[in-house]
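Peer 1:
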Amino acid sequence: MCTVTLVPKGKNDFILTSNRDEAPVRAALLPEISTQNNTKLLFPKDEVSGGSWIGVSEQNRVVCVLNGAFELHERKKNYRRSRGLVATDVLLFESLEQELAVYNFQDIEPFTMVIVDWNQDLRFFEFVWDGEVEHFRKLPIAEYIWSSSTLYTNTMKQERRFWFEDFKSENKLTSETLLKFHKSAGEGNLDYGVVMDRGFVKTTSITQVIKSNAVVSMCYESLINELTSCKTMKLPEPVNE
1 MCTVTLVPKG KNDFILTSNR DEAPVRAALL PEISTQNNTK LLFPKDEVSG GSWIGVSEQN
61 RVVCVLNGAF ELHERKKNYR RSRGLVATDV LLFESLEQEL AVYNFQDIEP FTMVIVDWNQ
121 DLRFFEFVWD GEVEHFRKLP IAEYIWSSST LYTNTMKQER RFWFEDFKSE NKLTSETLLK
181 FHKSAGEGNL DYGVVMDRGF VKTTSITQVI KSNAVVSMCY ESLINELTSC KTMKLPEPVN
241 E
């Protein structure tokens, strides 16, 4: 998994949309609000790992995980901790950059993590763990698309970026149009369309996180059983001095 777009909407607002590409038999529970370490979280739970690929935290943060780093890697039989649990760990961090710097990523499968944090002003980050080295960078506030390195070659990634650029040139980016992109870009291309289906792995769900002022909503749509769910969290809005 997966395909992720991130679009800023002015001030501290944004839209993040994620297509999860996974084995169709790997189930996920609908998003629910839970409390961990006295912090409210909202995420769809992966039934295998108990973690998630996407979530919202009242620490004023959204995290989304893609499998793989920069290139396709050879998987080991076992890993110390799942990437889904790493995601919920990062959601709980009180101090993002300081706690990332000391977190133990050894023996965790390579991943790419998109992080949106608005504890001060709006900040976009990309964190990549390649299995040996951490790569952490702050991103300019702009529109982005990511594709998982475990499923998509660099050529496929580039074509998907072209699709996104073409879509942006013809459409105003709203929650509705971004869902349209995530459902239709590359339509008919089962190998690497944004909704893909290779049999053993396919796009199983689409999750969209929308932040508007002090409210964050998460809308989830299963493409396996067609269940949908929308939840909202009211979060403390930071004060910029």
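The numbering of the sequence shown is full-length UniProt numbering, which starts it at 1 and goes up by one.
Positions of the beta carbon are idealized from the N, C-alpha and C atoms, including for glycine.
For the beta strand (DSSP E) holding Lys202, just list the boundary residues, first then last.
Peer 2: Its beta strand (DSSP E) spans residues 202 to 212.
Peer 1: Between which two residues does the alpha helix (DSSP H) carrying Phe70 extend?
Peer 2: Premise fails: Phe70 is in no alpha helix (DSSP H) and is neither H nor E.
Peer 1: Just curious, the alpha helix (DSSP H) that Trp146 is in, first and last residue?
Peer 2: Counting along the chain, Trp146 falls outside any alpha helix (DSSP H), though it belongs to the beta strand (DSSP E) covering 144 to 147.
Peer 1: What would DSSP say about Ala101, mapped onto helix, strand or coil?
Peer 2: In this structure, Ala101 counts as helix in the three-state DSSP scheme.
Peer 1: Determine the closest residue to Gly131 out of Thr204, Val7, Glu99, Ala69, with distance taken between C-alpha atoms.
Peer 2: Ranking the options by Cα distance to Gly131, first place goes to Ala69.
Peer 1: In the DSSP output, what is Asn134 paired with across the bridge?
Peer 2: In the sequence under discussion, the amino acid at residue 134 is Glu, which differs from the Asn named in the question. Glu134 pairs with Trp129.
Peer 1: Hey, Gly55 and Leu16 are a contact pair by Cβ (cut 8 Å); roughly how many whole angstroms apart?
Peer 2: In fact, because the Cβ distance is near 11 Å, the residues do not count as touching under 8 Å.
Peer 1: Relative to the alpha-carbon of Val116, which residue among Ser57, His73, Val102 has its alpha-carbon at the smallest distance?
Peer 2: Measuring from the Cα of Val116, the nearest candidate turns out to be Ser57.
Peer 1: Out of Ser169, Glu97, Glu134, point me to the one whose CA is closest to residue 249's CA.
Peer 2: Examination of residue 249 is not possible in this model, given that the chain is present from 1 through 241 alone.
Peer 1: Does Asp46 pass the burial test, meaning 16 or more other C-beta atoms within 10 Å, or should it be called exposed?
Peer 2: Looking at its Cβ environment, which holds 16 or more other Cβ atoms inside 10 Å, Asp46 is buried.
Peer 1: Pick from Val128, Ile145, Val194, Leu173: whose alpha carbon is nearest that of Glu71?
Peer 2: Nearest option by C-alpha distance: Val128.
Peer 1: Going by the beta-carbon positions, is the gap between Ala87 and Ser205 smaller than 9 Å?
Peer 2: Result no, Cβ atoms of Ala87 and Ser205 do not sit closer than 9 Å.
Peer 1: Count the other CB atoms, across all protein chains shown, that sit within 10 Å of the CB of Asp21; report buried if there are 16 or more and exposed otherwise.
Peer 2: Counting Cβ neighbours within 10 Å, Asp21 comes out buried, since at least 16 surround it.
Peer 1: According to DSSP, simplified to helix, strand and coil, what is Gly55?
Peer 2: Here Gly55 sits in strand by DSSP.
Peer 1: If you follow the beta strand (DSSP E) that Glu221 is part of, which residue opens it and which one closes it?
Peer 2: Start and end: 215 to 222.
Peer 1: Span of the alpha helix (DSSP H) holding Glu159?
Peer 2: First-last of the alpha helix (DSSP H) with Glu159: 154 to 170.
Peer 1: In or out: Cys230 buried (at least 16 other Cβ within 10 Å) or exposed?
Peer 2: Its Cβ having fewer than 16 others within 10 Å, Cys230 is exposed.
Peer 1: Val201 and His182: beta carbons closer than 9 Å?
Peer 2: Not a contact, by the Cβ cut-off of 9 Å.
Peer 1: Mapping DSSP to helix, strand and coil, what is Asp89?
Peer 2: Asp89 falls in the helix class under three-state DSSP.
Peer 1: Where do the ends of the beta strand (DSSP E) carrying Lys77 lie?
Peer 2: Per DSSP, Lys77 belongs to no beta strand (DSSP E) and is neither H nor E.
Peer 1: What are the boundary residues of the alpha helix (DSSP H) that Thr177 is part of?
Peer 2: Here the alpha helix (DSSP H) through Thr177 covers 175 to 184.
Peer 1: From Arg160 to Thr150, what distance separates their C-alpha atoms?
Peer 2: Roughly 15 Å between the two C-alpha positions.
Peer 1: Just grab the DSSP bridge partners of residue 252 for me.
Peer 2: Only positions 1 to 241 of the chain appear in this structure, which leaves residue 252 out of reach.
Peer 1: Rounded to whole angstroms, what's the CA-CA distance from Gln158 to Gly199? Just pull it up for me.
Peer 2: Using only the alpha carbons, I get a separation of about 23 Å.
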